[in-house]
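Trainee:
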Amino acid sequence: MLLELVLFFTLAAAITTAAVMVPGLVRARGWAGIPLTLAILIAAGWLTGLIVHDPVAATILPLFGVGAVIETRRHLPQWSFLAAQLLSALLVASVVYLIYAGAQPFVDRLGLLGTAGSIVLLLLEASALALSVYYLFEILDVFSRWTRTAHRAESSYQPPVAIQVPCYNEPIEVVRETLAALSHLDYPNVLVQVVDNNTKDPQVWRPLEALCAELGSPFQFIHLDPWPGYKAGALNEATRRLPAHITILGIVDADYVVRPGFLKEMVGHFADDRVAFVQTPQNYRDWKDSGYLRGLFYSYRYFFDVTMPARANRNAIIFAGTMGLIRRSALEGIGGWEESVITEDAEASLRMLGLGSVGVFEPTVWGEGLMPLSFDGLKKQRFRWALGGIQILRRQWRELLPFTRHRLHLTWGQRLHYLFGSVHWFGDLLTVGFTLLLLLTAVAATIHHRLPVRELTGPILIVPLAFLVTGVLRGLWALRRAEQCSWGDALRALGIWFALSWVVTLAVVRGLHSRQAAFLRTAKQKATGNRLWPAVRSSAV
Numbered sequence: 000m001l002l003e004l005v006l007f008f009t010l011a012a013a014i015t016t017a018a019v020m021v022p023g024l025v026r027a028r029g030w031a032g033i034p035l036t037l038a039i040l041i042a043a044g045w046l047t048g049l050i051v052h053d054p055v056a057a058t059i060l061p062l063f064g065v066g067a068v069i070e071t072r073r074h075l076p077q078w079s080f081l082a083a084q085l086l087s088a089l090l091v092a093s094v095v096y097l098i099y100a101g102a103q104p105f106v107d108r109l110g111l112l113g114t115a116g117s118i119v120l121l122l123l124e125a126s127a128l129a130l131s132v133y134y135l136f137e138i139l140d141v142f143s144r145w146t147r148t149a150h151r152a153e154s155s156y157q158p159p160v161a162i163q164v165p166c167y168n169e170p171i172e173v174v175r176e177t178l179a180a181l182s183h184l185d186y187p188n189v190l191v192q193v194v195d196n197n198t199k200d201p202q203v204w205r206p207l208e209a210l211c212a213e214l215g216s217p218f219q220f221i222h223l224d225p226w227p228g229y230k231a232g233a234l235n236e237a238t239r240r241l242p243a244h245i246t247i248l249g250i251v252d253a254d255y256v257v258r259p260g261f262l263k264e265m266v267g268h269f270a271d272d273r274v275a276f277v278q279t280p281q282n283y284r285d286w287k288d289s290g291y292l293r294g295l296f297y298s299y300r301y302f303f304d305v306t307m308p309a310r311a312n313r314n315a316i317i318f319a320g321t322m323g324l325i326r327r328s329a330l331e332g333i334g335g336w337e338e339s340v341i342t343e344d345a346e347a348s349l350r351m352l353g354l355g356s357v358g359v360f361e362p363t364v365w366g367e368g369l370m371p372l373s374f375d376g377l378k379k380q381r382f383r384w385a386l387g388g389i390q391i392l393r394r395q396w397r398e399l400l401p402f403t404r405h406r407l408h409l410t411w412g413q414r415l416h417y418l419f420g421s422v423h424w425f426g427d428l429l430t431v432g433f434t435l436l437l438l439l440t441a442v443a444a445t446i447h448h449r450l451p452v453r454e455l456t457g458p459i460l461i462v463p464l465a466f467l468v469t470g471v472l473r474g475l476w477a478l479r480r481a482e483q484c485s486w487g488d489a490l491r492a493l494g495i496w497f498a499l500s501w502v503v504t505l506a507v508v509r510g511l512h513s514r515q516a517a518f519l520r521t522a523k524q525k526a527t528g529n530r531l532w533p534a535v536r537s538s539a540v
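Here it is in structure tokens:
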């Protein structure tokens, strides 16, 4: 019966994946969603009966599918029936497949070495399927919801704000544009702190100091050298030097051009005393004329158009730094930025949420920065992000697991999102692991040997292939739906994610065995020749 179950739910997930890709169906109301869901379950049951030559299975299996949909809808009543069907089908198919595959070494009597190898393979598969289910959950939680609650900003609330612009070896021509935009903010009481840390060359930071003096009293320049703690340490010191009446802090990277209405429209969220931080999307400029840069842009935007809205549904967003605002008292209440974590902004938001605070995600774009315009710069940035995610996991894993003792008062949803927000970096490690396994299998086959792992034969071979193909299709569909981009640009974005797998793998390994990390600066000056081929060559380094 295990074989019939896994085939049925795999086929149901595949057919439903195709259905939700039809415009409008992912949010179809009950009058359309219920008949379509039943039709898919009946079709999946019929196909399963054909494959296993069991007409009885074709009658019974759809009843299991109906039960799974009802149970999913009970927990997620704001989702459409098709979305509930897709998530439940993939989840049940994954669990039953793992049970079936886990039993194979014992059924086939592979021996100690073969069983051990099969267990390792099973752990890799279980990890990959868990990530696949989570990614699907995020996608459906954004695209299938019928209602969504937005936090309201009180426009009359205008407390004093300090915008902090952290700099390290930044070219003056880039920062000049950033500060010029900040000088035009439409807000009555704002201070701009330009915080230069550990820039050794006076020819780099002295012009920046002169520019701040030229812009006048709202601008304050701070040069810290030598100073510990990288960006977090510099921002902690800058905050200590702020006037006492400043209650809201804003973080703007040195390359961001902020629109005048940013503070006027966003600060009002802090009229609600529960709000600790507000995050707006990070957006970029100068990307439309290159296929590589378009793919890179959409790969960035996916996080703010899919992941963050899904997390916002459970008050589990991260503070992503630039283009974000944070309540000064909330930051000081957790002891400031953690200087040992390279992604100090995300780590701080976890601790603030754990004290019962609220984080607001506002999807309106209020500024544009520069993407790392060379692939080498992109690798450094992604290495830093992945390493920071692993550092957070090492520091806070007890807070994120459900059955351990907790200091932070997080909900189940918050723990889920923050846990997968860190462990999803292991997905690239899994990609490398599966690639290595395929290479070893090919080598073994050429010398007429086999690896000491279980081998699946017969109809069950459909399942891993279906998992892979439908997973890629759902990723491309989500990119196209969220970003309104072409299939070609969606493929480029997906290619960039895959091209960074080795870099992320190195970051994960580094984060697991080392507590220390160096801050890798992302270059802000445009490099020449932004083509895909240099990116491919660079990824091999």
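Residues in the sequence shown are numbered from 0 upward in steps of one, following numbering that gives the first Met the number 0. Using N, Cα and C, we set each Cβ at its ideal position, and we do this for glycine too. Just so it is clear, the structure is predicted and the values come from calculations on it, not from any experiment.
Under the three-state reduction of DSSP, which class applies to N235: helix, strand or coil?
Mentor: Helix, per DSSP.
Trainee: Please report the distance separating the alpha-carbon of D304 from that of M351.
Mentor: Distance between the alpha carbons of D304 and M351: 23 Å.
Trainee: Contact defined as beta carbons within less than 8 Å: I believe L545 pairs with M370. What is the distance between those atoms, to the nearest angstrom?
Mentor: It is not possible to answer for residue 545, since the shown part of the chain is limited to 0 through 540.
Trainee: What does the alpha-carbon distance come out to for the pair I459 and T15?
Mentor: For I459 and T15, the distance between alpha carbons rounds to 19 Å.
Trainee: Can the beta-carbon of D200 be found less than 8 Å from the beta-carbon of G260?
Mentor: For D200 and G260, no; Cβs fall outside 8 Å.
Trainee: Taking the alpha carbon of V452 as the point to measure from, which residue in A11, I118, M20 has its own alpha carbon closest?
Mentor: Closest by alpha carbon: I118.
Trainee: Please state whether the Cβ-Cβ distance between E346 and E338 is less than 8 Å.
Mentor: Not closer than 8 Å, so no.
Trainee: Using a threshold of 8 Å, state whether the C-beta atoms of A67 and S93 are closer than that.
Mentor: No, the pair does not count as a contact, with Cβ atoms beyond the cut-off.
Trainee: Among R284, L377, P165, V468, which has the Cα closest to the Cα of W501?
Mentor: The option with the nearest alpha carbon to W501 is L377.
Trainee: Helix or strand or just coil, what does DSSP make of G215?
Mentor: G215 falls in the coil class under three-state DSSP.
Trainee: Quick check on this structure: which residue in E70, L37, Q77, H74 has the alpha carbon closest to the alpha carbon of T58?
Mentor: The residue with the shortest Cα to Cα distance from T58 is L37.
Trainee: Need the endpoints of the alpha helix (DSSP H) that G474 sits in, please.
Mentor: Counting along the chain, the alpha helix (DSSP H) containing G474 begins and ends at 461 to 482.
Trainee: In this structure, does DSSP put I316 in helix, strand or coil?
Mentor: DSSP places I316 in coil when its eight states are reduced to three.
Trainee: Less than 8 Å between the beta carbons of A43 and L4, yes or no?
Mentor: No. Outside cutoff.
Trainee: How close, in whole Å, do the beta carbons of A579 and A385 come, if the pair is a contact with beta carbons under 8 Å?
Mentor: Residue 579 cannot be examined here, being either before or after the span of the chain that is shown, 0 to 540.
Trainee: Pull the bridge partners of A161 from the DSSP assignment, please.
Mentor: Its beta-bridge partners are L190, L248.
Trainee: Buried or exposed: L437, going by 16 or more other Cβ atoms within 10 Å of its Cβ?
Mentor: The residue in question, L437, is exposed, as its Cβ has fewer than 16 Cβ neighbours within 10 Å.
Trainee: Do you know offhand how far D488's Cα is from I495's?
Mentor: Going from the Cα of D488 to the Cα of I495 covers about 11 Å.
Trainee: Quick test of your reading: Q157 and P187, contact by CB under 8 Å. State the CB separation rounded to the nearest angstrom.
Mentor: That pair is a contact at about 6 Å.
Trainee: Answer with buried or exposed for M0, where buried requires no fewer than 16 other C-beta atoms within 10 angstroms of its C-beta.
Mentor: Counting Cβ neighbours within 10 Å, M0 comes out exposed, since fewer than 16 surround it.
Trainee: Rounding to the nearest angstrom, what Cα-Cα distance links V503 and G470 in this structure?
Mentor: In a straight line, the C-alpha of V503 is about 20 Å away from that of G470.
Trainee: Taking only the alpha-carbon atoms, compute the straight-line gap between P104 and T430 and give it to the nearest angstrom.
Mentor: Taking the straight line from one Cα to the other gives about 23 Å.
Trainee: Where does G48 fall in DSSP's three states?
Mentor: Three-state result, G48: helix.
Trainee: Starting from H222, follow its DSSP beta bridges and name the residues at the other end.
Mentor: Per DSSP, D195.
Trainee: Keeping to the same chain, check which residues put their C-beta closer than 6 Å to that of M20; ignore five residues upstream and five downstream.
Mentor: Hits under 6 Å: W476.
Trainee: Using DSSP's beta-bridge definition, name the partner residues of R404.
Mentor: R404 is not bridged to any residue.
Trainee: Anyone know if the C-beta pair for L85 and A17 falls short of 8 Å?
Mentor: Result no, Cβ atoms of L85 and A17 do not sit closer than 8 Å.
Trainee: Measuring straight from C-alpha to C-alpha, what distance separates L6 and T342?
Mentor: Cα to Cα, the separation comes out at about 42 Å.
Trainee: Beta-carbon separation of Q163 and G249 under 8 Å?
Mentor: Contact: yes.
Trainee: Considering only residues of the same chain and omitting the five flanking positions on each side of N235, which have a CB-CB separation below 8 Å?
Mentor: Closer than 8 Å at the Cβ level, and outside the excluded window around N235, lie G228, G335, W336, E338.
Trainee: With a 10 Å radius around its C-beta and 16 neighbouring C-beta atoms as the bar for buried, classify P242 as buried or exposed.
Mentor: Under this definition P242 is an exposed residue.
Trainee: Alpha carbon to alpha carbon, how far is R273 from S538? Give it in angstroms, no decimals.
Mentor: Low local confidence applies: a pLDDT of 46 at S538 is under 50, so the model's placement there is unreliable, and no value is given.
Trainee: For V251, collect the residues of the same chain with a Cβ closer than 8 Å to its Cβ; drop the 5 residues on either side in sequence, then sort them by chain order.
Mentor: For V251, where only same-chain residues beyond five positions count, the Cβ hits under 8 Å are I162, Q163, V164, T177, L181, V257, T321, M322, G366.
Trainee: Out of S356, T47, L439, I317, state which residue places its alpha-carbon closest to the alpha-carbon of L415.
Mentor: The shortest C-alpha separation from L415 is found at I317.
Trainee: Closer than 8 Å by C-beta to V357: which residues in its own chain qualify, once you throw out the five before and the five after it? Chain order, please.
Mentor: H150, D271, R273, V274, A275, N314.
Trainee: Please state if the CB of V25 and the CB of S79 are separated by a distance shorter than 8 Å.
Mentor: A contact, by the Cβ cut-off of 8 Å.
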